[in-house]
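Read the structure below first, then the notes.
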Amino acid sequence: MKSFFSNQINIKSGLLNFHKIKKRLDLLFQNKNTLMAKNIFIVDDDNFFGQMLKEHLNKKGGRNVSVFLTGEDCLNNLDEGPNLVILDYNLDSVVKYAANGLKILQLIREKNQLLPVIMLSNQDQYSIALQTIQHGALQYVIKDEDAFENVDRILEDIL
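Here the sequence shown is numbered in the working numbering, starting from 51 and rising by one per residue.
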């Protein structure tokens with residue numbers, strides 16, 4: 051992954067969402083000690099990738115990781131109180147919401163403005179990354195050979 055990707059987005063987009071993102075990060079770091087449960091939701095219609103990421107995240111221990119194949123399943127379980135959602139941008143349409151990952155991100159934001167969401171995608175297009183950040187994703191991670199390590203770095207900062 052181009053680990054500098056989200057930094058480029060923030061620089062190029064200027065102050066577009068700076069205050070929203072800063073507020074979200076400030077609240078996360080203030081509440082860092084209360085995030086001990088580390089309840090993580092992975093939302094990816096590729097079950098193999100989702101299970102591999104779950105295994106990778108569980109290696110560190112102390113994490114409760116759930117994999118959902120649809121955004122609808124994730125939304126229906128938000129009351130379980132995840133500390134983080136890792137969401138695939140390229141979700142197949144789901145029955146109720148007929149939405150991709152960006153629409154699911156918007157629906158998550160309607161329910162919880164402060165829940166950190168990491169958007170995953172096979173696409174390394176600047177416009178898509180910027181769009182996800184503008185809609186409230188904390189980070190944008192490209193699904194490549196470094197994706198798991200890049201997710202780890204983000205988790206170290208917020209959990």
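Yeah, the Cβ is synthetic: ideal placement off N, Cα and C, and Gly gets one too.
Because the structure is a prediction, the values reported are computed rather than measured.
Legend entry - Of the residues LEU205, ASP202, ASN133, GLN156, the one placed nearest GLN181, counting alpha carbons only: Comparing Cα-Cα distances from GLN181 to each of LEU205, ASP202, ASN133, GLN156, the minimum goes to GLN156.
Inset, instruction - Check whether the Cβ atoms of LEU137 and LEU107 lie closer than 8 Å to each other. - result: no
Legend entry - DSSP-derived helix/strand/coil call for LEU125: helix
Inset, instruction - Given a cut-off of 8 Å, decide if LEU128 and ASN236 are closer than it, judged by their beta-carbon atoms. - result: Lying before the first or after the last residue shown, residue 236 is absent from the chain, which here runs from 51 to 209.
Inset, instruction - For the alpha helix (DSSP H) holding PHE97, just list the boundary residues, first then last. - result: Rather than Phe, the amino acid found at residue 97 in this sequence is Asn. Segment 97-108, the alpha helix (DSSP H) holding ASN97.
Legend entry - Anticipated Cβ contact below 8 Å, VAL115 with LYS104, distance rounded: Going by Cβ atoms, the distance from VAL115 to LYS104 rounds to 5 Å, so yes, they are a contact pair.
Legend entry - Helix, strand or coil at ASP194 according to DSSP, with G and I counted as helix: coil
Legend entry - Beta-carbon proximity list for GLN101, same chain, < 8 Å, skipping 5 on both sides: These residues qualify, in order along the chain: VAL117.
Legend entry - Reduced DSSP secondary structure (H/G/I, E/B, other) of GLN173: coil
Inset, instruction - Please state whether DSSP places ASP228 in a helix, a strand or coil. - result: Outside the shown range of the chain, which is 51 to 209, sits residue 228, and nothing can be said about it.
Legend entry - Pairwise C-alpha distance: LEU141 and ASP96: 9 Å
Legend entry - Where MET86 sits in the DSSP three-state scheme: The predicted model places MET86 with a pLDDT of 46, which falls under 50 and marks its position as unreliable; any figure quoted below should be read in that light. Three-state result, MET86: coil.
Legend entry - Reduced DSSP secondary structure (H/G/I, E/B, other) of LEU134: strand
Inset, instruction - Specify, as a first and last residue, the run of the alpha helix (DSSP H) that GLN156 falls within. - result: 151-161
Legend entry - C-alpha distance - PRO132 paired with ASN126, whole-angstrom precision: 12 Å
Legend entry - Extent of the continuous beta strand (DSSP E) to which ASN114 belongs: 114-118
Inset, instruction - Please say whether ILE168 and ALA197 have beta carbons closer to each other than 8 Å? - result: At least 8 Å separates the beta-carbon of ALA197 from that of ILE168.
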